[in-house]
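Structure first, commentary second.
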Amino acid sequence: MSFVNDASSFLASALRYPRGFDAVVTRAARRTHPKPLELFEFEACPYCRKVREALCELDLDYLCYPVAQGSPRRTRLKRLGGKVQVPYLVDPNQKTALYESDDIVAYLYRHYGSEAPRDSGWLRIPGLFNDGLSFFASAARLGRGRRCRVPNSRRRLKPLELFNMEGSPYCRKVREVLCELDLEYFVRNVPRGSPQREELKRIGGKIQVPFLIDPNTGTAMYESDEIIDYLEERYGVATSDGEE
Numbered sequence: 024m025s026f027v028n029d030a031s032s033f034l035a036s037a038l039r040y041p042r043g044f045d046a047v048v049t050r051a052a053r054r055t056h057p058k059p060l061e062l063f064e065f066e067a068c069p070y071c072r073k074v075r076e077a078l079c080e081l082d083l084d085y086l087c088y089p090v091a092q093g094s095p096r097r098t099r100l101k102r103l104g105g106k107v108q109v110p111y112l113v114d115p116n117q118k119t120a121l122y123e124s125d126d127i128v129a130y131l132y133r134h135y136g137s138e139a140p141r142d143s144g145w146l147r148i149p150g151l152f153n154d155g156l157s158f159f160a161s162a163a164r165l166g167r168g169r170r171c172r173v174p175n176s177r178r179r180l181k182p183l184e185l186f187n188m189e190g191s192p193y194c195r196k197v198r199e200v201l202c203e204l205d206l207e208y209f210v211r212n213v214p215r216g217s218p219q220r221e222e223l224k225r226i227g228g229k230i231q232v233p234f235l236i237d238p239n240t241g242t243a244m245y246e247s248d249e250i251i252d253y254l255e256e257r258y259g260v261a262t263s264d265g266e267e
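The sequence shown begins at 24 in this note's numbering and counts up one residue at a time.
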């Protein structure tokens, strides 16, 4: 089963390559260090994937609010944006919030990049082709990261922290479980070329992703399968942690 899981995740990465692997612009090129962006999304959504890829390529960190099917956090999303639709980006630096993946990607490149989005200037067909590949990548994962298995509404937890590269098949496996367990987490992107890779090495001892930090338990670890086992054991059963 693990082999099949890994193989389908590699297939999803291959369908999207080279998206979400290399930094187009690094944080070192920005004069200011923006506050983390906020993204309401779920892992299996093909449109959310396009936004996550752009965030990684622009070397931007963000706070992820999973809103998979069944997540009580969808109520908050509707209250903030007026409807339950993803992706939904909130930028506290510009006091901006918006739906629609293409609009979000264009916005991110306009404010945090030095060039137009990679699809800019193309005909409509390549844009549809890009969407199609993202749909196929979602299909390859057979619904993983689509449904919330353990609603987190009764827990008061600090967001977990994930050093991540969007295109990594191993990071994808961890993000899927975080989404299914309805756990908020802070994404620290480390695409190839990112200076934040040195920060990862300083904290964890080596440059390898995924790397998870759980401030609720003081746990930090590499290796996707070990991270998933930890998440399932710690958060995979509904608890009353922090219940009022």
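Heads up, the beta-carbon is just placed ideally off N, CA and C, and yes, glycines get one too.
Taking 8 Å as the upper bound for CB-CB distance, P238 and S247 are not in contact here, some 20 Å apart. Within the same chain, and ignoring the five residues on either side of E189 in sequence, the residues whose Cβ sits closer than 6 Å to its Cβ are G43, R75, E76, C79. At a Cβ-Cβ threshold of 8 Å, V113 and L60 count as neighbours. Between the C-alpha atoms of R257 and L121 there is a straight-line separation of about 34 Å. In the same chain as I236, and ignoring 5 residues on each side of it, the C-beta atoms closer than 6 Å to its own belong to E184, A243, in chain order. In the DSSP assignment, D237 is bridged to T242. When the Cα atoms are used, L86 and V260 turn out to be separated by approximately 23 Å. Between E64 and V109, the C-beta spacing is below 8 Å. With contacts defined as CB atoms closer than 8 Å, Q92 and C171 qualify as a contacting pair. Rounded to whole angstroms, R225 and R198 show a C-alpha spacing of 23 Å. Between E207 and P174, the C-beta gap is not smaller than 8 Å, which leaves the two residues out of contact.
The beta-bridge partner set that DSSP reports for T119 consists of D114.
In the DSSP assignment, V210 falls within the unbroken beta strand (DSSP E) covering 208 to 212. Looking at the DSSP output, P174 shares a beta bridge with no other residue.
Looking at the backbone, the Cα of R72 and that of T98 are separated by about 22 Å.
Around the beta carbon of R133, a 10 Å sphere encloses fewer than 16 other beta carbons of the protein chains shown; the residue is thus reported as exposed. At the C-beta level, R53 and Y135 come within 8 Å of one another.
A direct Cα-to-Cα measurement between L83 and K58 gives close to 10 Å. Take V200, set aside five residues on each side of it, and the residues of its chain with a beta-carbon closer than 6 Å to its own are I251, L254, in chain order. Here DSSP, grouped into helix, strand and coil, assigns D84 to coil.
Its chain contains R257 as the residues whose beta carbon lies nearer than 8 Å to that of T240, once the 5 sequence neighbours on both sides are disregarded; these appear in chain order. In this model, E222 and T119 are separated by some 29 Å (Cα to Cα).
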